[in-house]
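**Student:**
Chains as they are written, first to last, in the working numbering: chain A, 793 to 1273; chain B, 793 to 1273.
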């Protein structure tokens, strides 16, 4: 999606509501016809065709049979079921994930469950390899599909679960009972919409809408269009409880009580900015339906010339701390980067450098990039002491500075002693290169990475970030909702 | 008083409490002997000698006789009395003010009172001229003394007064009944102490301790030394009510209910910084008695070299607005300068230039001098819109900026729309030279003066202030309590 897209401004060829209203079949004012046309075009792309469905069904059935056979050999009272979007008919054409859950009786101990699970997995996918989430499981590729074979306990209700995977079958059953073909198609549309605006996914980099949350919302509001209409008018905190069984309060902008677990907010990870983003694009799309909202932004990397132009036009002072990216999965890395970003900007703000905007990026290296509104502070800083009438403290403060040849004062202002003394740092670079950087809140692995060495970039050095982060910088300098 | 004086640090020849304690008559540890020696030395200078008293008495008696004669001719039932410090034996040697009040019966109307007052004044001081306070009165010089002849009403109590001068005779009577020679001497000492630390005078430039307030405090606490001991431990707000007749509450750091008027705080004009100053020097003097505390600071004008040194050492960004000083008496001028200073610093702070310290000075020209901690702002500024969920406002904000090619965004942060758009001013000079300067709160006459033209000084231009304000700048760059 280009910069202009999705901002409600571009009146390109897909939109004609400012056009001629003298006749024709298209009711431009209402936009209904437009929306249906757009939806039809998107469905063309996201709905799997018969051939894709058949191929997926074939592979899934074959593997489930294998898994059932292997499981039955190990333990009576097991069953196998397919979960996830491909089980619920809500996958987007081209997605190739097949999730097979093998359910064992709850009398099994966890170790045996894990052993049995791996055995069934290897029997199901002979070329598979082991991965580790909450339990170990087997993953592999079969005829182009990505297969997970995951063991779990078969429980009476989701409130008895022992680990997060035990919950999944309940989710699938709940939704399978409620999603007819039409609603499933609307789930696919909504997922693609959320992908297009960058708000899809409950990973800790995105902190957006999970697939399960999206499906619940579509069911709750009865489809794509009524969902958008509702979202456009949401007044966070928004609280939904489809089964009316919630017992706790949550401090989140969006609360959707899990229909299978009254104590869980399905939207707990969804950030307020993603809720706001969904609101923005829901309004914008209903007002002016267009296909590009469904297309994720994929900007051209920023050029050196453009980066220099932006910095000159903005007149801000850029600084960056760049270091070897810690070797972590994204769900561990991004919270640590966010924490480090918060710590570094707080440290800079507290020293008067007035952070204008900032971001953290990661690939082979990682960098915290900060634009400052203040490039330099004076050599002195004001230091307020206690009110003069608080005698003990006041005398201690006065005595500490009265003899200092480098301090101005102490003098009296607002009834307090005040002194002007040398500042520790007059530039952000001095601070970032000092040990004080390690006093701000940093993620643990980021702190370790910085201890191994880091580079402070400022001014023109910033262009060296383009070798790795051209697209991220393009996003940064073309911010959109 | 030099910069080092009065800061509790300088151990010059007048102080010996760090000296040899092996013997001798001086008890250095206790400091008592030191304090008595210092007091004796100051009294030598501030107590009028017999000759000065006699000469003043002679002139005062002669003029009062003349006034009595003239008054009796105009109106029965008048009397004449001397008021002020020379009437109360509390004047400091060298002060040459004789205040003669002519009291007329309250049955007179104000116009007749004024006419009679002037007639008596001219009869008393044939070379005098008329001045105008609340009434017109006659002022003149006789044998080197400054004489005021002021008419007022003779009333039963101070709560019946028709103008401020009617109150003065009550003050004089109250204090004459309570000030013996010893307390009068302590009043002179206390006045000189307050002059030395720059806190004497209820004019609106100083906003310090008036003569009457000083006398009340000395009487209330029983002398100079017990007053200092009490002040050292004051916990503002300090509330004194010698006659225990106060009926109102006052929001001042020091409240002394007028013994002659239960509804008046004698210390209403005294600024909290002067209360704190008195506390500081009371402690410092009691700990280390020394004569220089009694000597007003009179710094050498700052040299250009020293000014440049200070600015380089501090690394701040100085700017000044200089204009023709409005033709006002000090009690009108300084509140207006203070208001203008507050307005200009608020205007600069609000635009991100972060005022470090500032002052206003006046002579032929006047100037508001501001040291900034931030010399320049970026070309863009952050502009926060409403929360996205407040639909009407949010849509209005979004639509206003979505089309603006010069604005970055709108994007979403913290659930709100945010845009980055061009700032009005990137330097303080641009702001000070613009019409926006007139939007800040300025004193009315200062505003008129600025409308007639003003100069903005910045960087090296600041040295041109030295032609007129060398001493003020010396004070500014050597701030003391």
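Glycine is no exception: its CB is placed at the ideal position from the N, C-alpha and C atoms.
The structure displayed is predicted, hence computed values, not measured ones.
#1: At the level of alpha carbons, what is the spacing between residue 970(B) and residue 1252(B)?
#2: For residue 973(B), which residues in the same chain have their Cβ closer than 8 Å to its Cβ, ignoring the five residues on either side in sequence?
#3: Count the other C-beta atoms from every protein chain shown that fall within 10 angstroms of the C-beta of residue 1194(A), then say buried if there are 16 or more, exposed otherwise.
#4: Take residue 1216(A) as the anchor and find which of 1169(A), 1163(A), 1000(A) and 1017(A) has the nearest alpha-carbon.
#5: Cα-Cα, which of 930(A), 1096(A) and 1053(A) is closest to residue 918(A)?
#6: Return yes when the Cβ of residue 1152(B) is within less than 7 Å of the Cβ of residue 1125(B), no when it is not.
#7: Relative to the C-alpha of residue 858(B), which residue among 1081(B), 874(B), 1097(B) and 845(B) is closest?
#8: Buried or exposed: where does residue 1014(B) fall if 16 or more other Cβ atoms within 10 Å of its Cβ makes it buried?
#9: Interface residues of chain A around residue 1026(B) at Cβ under 9 Å?
#10: In whole angstroms, give me the CA-to-CA distance for residue 814(A) and residue 1166(B).
#11: Where do the ends of the alpha helix (DSSP H) carrying residue 1136(B) lie?
#12: Consult DSSP for residue 1093(A) and reduce its assignment to one of helix, strand or coil.
#13: How about residue 1051(A) and residue 1035(A): do their beta carbons lie closer than 7 Å?
#14: In the stretch 1236–1271 of chain A, which residue ranges form an unbroken alpha helix (DSSP H) of at least 4 residues, counting only runs that do not cross its ends?
#15: Using 10 angstroms around the beta-carbon of residue 1333(B), count the other beta-carbons present and answer buried if the total reaches 16, otherwise exposed.
#16: Hey, could you find the ends of the alpha helix (DSSP H) residue 911(A) is sitting in?
#17: With distances taken Cα to Cα, identify the nearest neighbour of residue 1269(B) among 904(B), 852(B), 1101(B) and 1030(B).
#18: Listed in chain order, which residues of the stretch 1114–1141 of chain B have Cβ atoms closer than 8 Å to some Cβ of chain A?
#19: What number of angstroms, rounded off, separates the C-alpha of residue 883(B) from the C-alpha of residue 1139(B)?
#20: What's the call for residue 868(B), buried or exposed, on a 16-neighbour Cβ count within 10 Å?
#21: Does chain A have any CB closer than 7 Å to the CB of residue 1203(B)?
#22: When Cβ atoms are compared, which residues of the stretch 1173–1197 of chain A fall closer than 9 Å to chain B?
#23: For residue 1069(B), which residues in chain A fall below 7 Å Cβ to Cβ?
#24: May I ask you to report which of helix, strand or coil DSSP gives residue 1182(B)?
#25: So is residue 1064(A) in contact with chain B if we call contact Cβ pairs under 7 Å?
#26: Please report whether the beta-carbon of residue 1251(B) lies at a distance below 7 Å from any beta-carbon of chain A.
#27: At the level of alpha carbons, what is the spacing between residue 1148(A) and residue 1204(A)?
#28: Do you know how far the Cα of residue 1074(B) is from the Cα of residue 1086(B)?
#29: Just curious, the alpha helix (DSSP H) that residue 849(A) is in, first and last residue?
#30: How would you write the range of the beta strand (DSSP E) that residue 1037(A) sits in, first residue to last?
#31: Name the chain A residues whose beta carbon is nearer than 7 Å to that of residue 1170(B)?
#32: Just checking: is the beta-carbon of residue 1029(B) within a distance shorter than 7 Å of some beta-carbon in chain A?
#33: Leaving out five residues on either side along the sequence, give the residues of the same chain with a beta carbon under 7 Å from the beta carbon of residue 1237(A).
#34: Touch check for the stretch 985–1003 of chain A and the stretch 892–905 of chain A: three-plus C-beta pairs under 8 Å?
#35: In chain order, what residues of the same chain lie with their CB nearer than 8 Å to the CB of residue 1258(A), ignoring the 5 residues before and after it?
#36: For residue 966(A), which option in 1005(A), 1163(A) and 910(A) has the closest C-alpha, if you only look at C-alpha atoms?
**Tutor:** In brief:
#1: 57 Å
#2: 881
#3: Under this definition residue 1194(A) is a buried residue.
#4: 1169(A)
#5: 930(A)
#6: no
#7: 874(B)
#8: exposed
#9: 1181
#10: With a pLDDT of only 36 at residue 814(A), under 50, the local geometry of the prediction cannot be trusted, and the value read off the model is given with reservation. Looking at the two C-alpha atoms, the distance is approximately 60 Å.
#11: 1122–1142
#12: coil
#13: yes
#14: You should have 1236–1243 and 1258–1268.
#15: The shown model of chain B, from 793 to 1273, leaves out residue 1333(B), and the question about it has no answer.
#16: 902–916
#17: Looking at the Cα atoms, 1101(B) is the closest of the given residues.
#18: none
#19: Approximately 45 Å between the Cα atoms of the pair.
#20: exposed
#21: yes
#22: 1173, 1174, 1179, 1180, 1181, 1182, 1183, 1186, 1187, 1190, 1191, 1194 and 1195
#23: 1204
#24: coil
#25: Yes, residue 1064(A) lies at the interface with chain B (some Cβ there is under 7 Å from its Cβ).
#26: no
#27: Each residue's Cα considered, the two are about 33 Å apart.
#28: 12 Å
#29: From DSSP, the alpha helix (DSSP H) with residue 849(A) extends over 842–866.
#30: Segment: none, residue 1037(A) is in no beta strand (DSSP E) and carries neither H nor E.
#31: 1106, 1107, 1108, 1148 and 1165
#32: So no, residue 1029(B) is outside the interface.
#33: In its chain, beyond the 5 residues on either side, 1118, 1120 and 1128 have a beta carbon closer than 7 Å to the beta carbon of residue 1237(A).
#34: no
#35: 1093, 1094, 1095, 1096, 1099 and 1265
#36: 1005(A)
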